[in-house]
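Here the structure is laid out as structure tokens; the discussion comes afterwards.
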Amino acid sequence: MSATVAVALKKVAIYILGDEKKRGKLFVLIGSIAAGFLGLMCLPVAVLSSMGSMEIEQPEINAEMFSDSSLFESLDSEQQAKITEIQNSGQEIEDAMRGAGVRSQTIKAQLIYMSYFDDVQNFNAQSYANLFAVAPNDSDLIAAINSTYGLEIDYDEFMRTYTWVMNSTINEYMFTDRTTKNCSDLAAWAENAYISGWGFKQGAIGNRDYVDRIRYADNAGLMLGYLNYNPDEKSFGNQFQTLVFTEQGSLDTMPEVAGIGLFDGSQHGIYVGDGEVIYCSESAGYVTKDLVSNGGWTSWCTYEGVDYPQEVRDKIDENGGDSE
Numbered sequence: 000m001s002a003t004v005a006v007a008l009k010k011v012a013i014y015i016l017g018d019e020k021k022r023g024k025l026f027v028l029i030g031s032i033a034a035g036f037l038g039l040m041c042l043p044v045a046v047l048s049s050m051g052s053m054e055i056e057q058p059e060i061n062a063e064m065f066s067d068s069s070l071f072e073s074l075d076s077e078q079q080a081k082i083t084e085i086q087n088s089g090q091e092i093e094d095a096m097r098g099a100g101v102r103s104q105t106i107k108a109q110l111i112y113m114s115y116f117d118d119v120q121n122f123n124a125q126s127y128a129n130l131f132a133v134a135p136n137d138s139d140l141i142a143a144i145n146s147t148y149g150l151e152i153d154y155d156e157f158m159r160t161y162t163w164v165m166n167s168t169i170n171e172y173m174f175t176d177r178t179t180k181n182c183s184d185l186a187a188w189a190e191n192a193y194i195s196g197w198g199f200k201q202g203a204i205g206n207r208d209y210v211d212r213i214r215y216a217d218n219a220g221l222m223l224g225y226l227n228y229n230p231d232e233k234s235f236g237n238q239f240q241t242l243v244f245t246e247q248g249s250l251d252t253m254p255e256v257a258g259i260g261l262f263d264g265s266q267h268g269i270y271v272g273d274g275e276v277i278y279c280s281e282s283a284g285y286v287t288k289d290l291v292s293n294g295g296w297t298s299w300c301t302y303e304g305v306d307y308p309q310e311v312r313d314k315i316d317e318n319g320g321d322s323e
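Using numbering that gives the first Met the number 0, the letters of the sequence shown correspond one by one to residues 0 to 323.
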């Protein structure tokens, strides 16, 4: 973890964790201050634990914990003001990211702001969000932020921190429709697993290992995890035990729709657009991304339980209907 991130987060911890009697509850609370401000929750665990001042189990995310008004009222005015400031900043950034059409990057934007923007004056959330909207990749994004705000964020250090944060949670901002299971969100799910550094483990579907605190899936489990995940309850169910799929045709008949499945005769991948596929590889040991042309993918497929747009249904009809 970078020194910059550690300094910023230890500063917040001083405000919140000074009282030993409140430390346990407050530690969980600070990470659940505002829905989506998840990076703040995860990182102080590593920062403060490394200081050796306390032993705290990393809490599960629960944004509703901030409704504990009695706990908030037990803080002194300075602590309350700091929490309110953090909450307002997180919400302002969330709103701006939604307006810029990059809601899925909200956690990234909040984490960068919280970690590096302590000395930035006259911050404008909308201008900040626009940098995320136009950046073609994370490397260019960090370069643009450094140039715009006069910062010196190290790209590699930030990405290590960001990957750790994202692995600690399921990004609630990535879903376009939380009420359905659809191919657009399946593609976003795959991107999130790739960005978050999920590992490969037989039988896993995206749940975190209790020992090493890392999320894992197996090849089919990457898709099953999406089908079984409830974004409102932030938990995995077990409705889908087996990945049921239908091969629909060769790759030259595949519509350009993110979230379509790819199959090579033994393993599945999720097409995410721009000629790229994400899949959980047993040989690599983690979720990886590659060009479709680099793999042995032979057909495209649809998955039971996932809704597909009319463009996909039309192509299925054109190919002669669902294959068996």
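Even glycine gets a Cβ: it sits at the ideal position worked out from N, Cα and C.
- With contacts defined as CB atoms closer than 8 Å, Arg-312 and Pro-230 fail to qualify as a contacting pair.
- Between Gly-248 and Asn-318, the C-beta gap is smaller than 8 Å, which places the two residues in contact.
- For Thr-301, the enclosing beta strand (DSSP E) starts and ends at 298-302.
- The stretch 186-241 is shown to contain whole alpha helix (DSSP H) runs of 4 or more residues at 220-227, in chain order.
- Take Ala-128, set aside five residues on each side of it, and the residues of its chain with a beta-carbon closer than 8 Å to its own are Ile-92, Ala-95, Met-96, Gly-98, Ala-99, Val-101 and Ala-108, in chain order.
- A distance of 8 Å or more separates the beta carbons of Ser-298 and Phe-239.
- Judged by DSSP secondary structure, Glu-246 falls within the beta strand (DSSP E) whose first and last residues are 244-249.
- From the listed residues Val-243, Ile-213, Val-210 and Asp-211, the smallest Cα separation to Leu-226 is found for Val-243.
- Val-305 sits buried, since 16 or more C-beta atoms from the chains shown fall within 10 Å of its C-beta.
- By the criterion of a C-beta distance shorter than 8 Å, Val-276 is surrounded in its chain by Leu-261, Gly-268, Ile-269, Tyr-270, Lys-288, Asp-289, Leu-290, Val-291, Gly-294 and Trp-296, once the five residues flanking it on both sides are discounted.
- In its chain, beyond the 5 residues on either side, Met-165 have a beta carbon closer than 6 Å to the beta carbon of Ile-194.
- Scanning its chain for C-beta atoms nearer than 7 Å, with the 5 sequence neighbours on each side dropped, one finds around Met-253 the residues Ile-259 and Trp-299, in chain order.
- When the five nearest sequence neighbours on each side are left out, the beta carbons in the same chain lying within less than 7 Å of the beta carbon of Met-158 are those of Asp-137, in order along the chain.
- The alpha-carbon of Glu-77 is positioned some 28 Å away from that of Gln-125.
- The beta carbon of Thr-179 is closer than 8 Å to those of Asp-306 in its chain, skipping five residues each way along the sequence.
- With respect to the C-alpha of Thr-168, the residue from Tyr-215, Glu-72 and Ala-143 having the closest C-alpha is Tyr-215.
- Straight-line spacing of the CA atoms in Asp-208 and Gly-149 works out to 39 Å.
- Boundaries of the alpha helix (DSSP H) around Glu-310: 309-317.
- Taking all protein chains in view, the Cβ of Ser-103 is crowded by 16 or more other Cβ atoms within 10 Å, so the residue is classified as buried.
- When the beta-carbon positions are compared, Tyr-154 and Ile-106 stay at least 8 Å from each other.
- Under the three-state reduction of DSSP, Lys-180 is assigned to coil, being neither helix nor strand.
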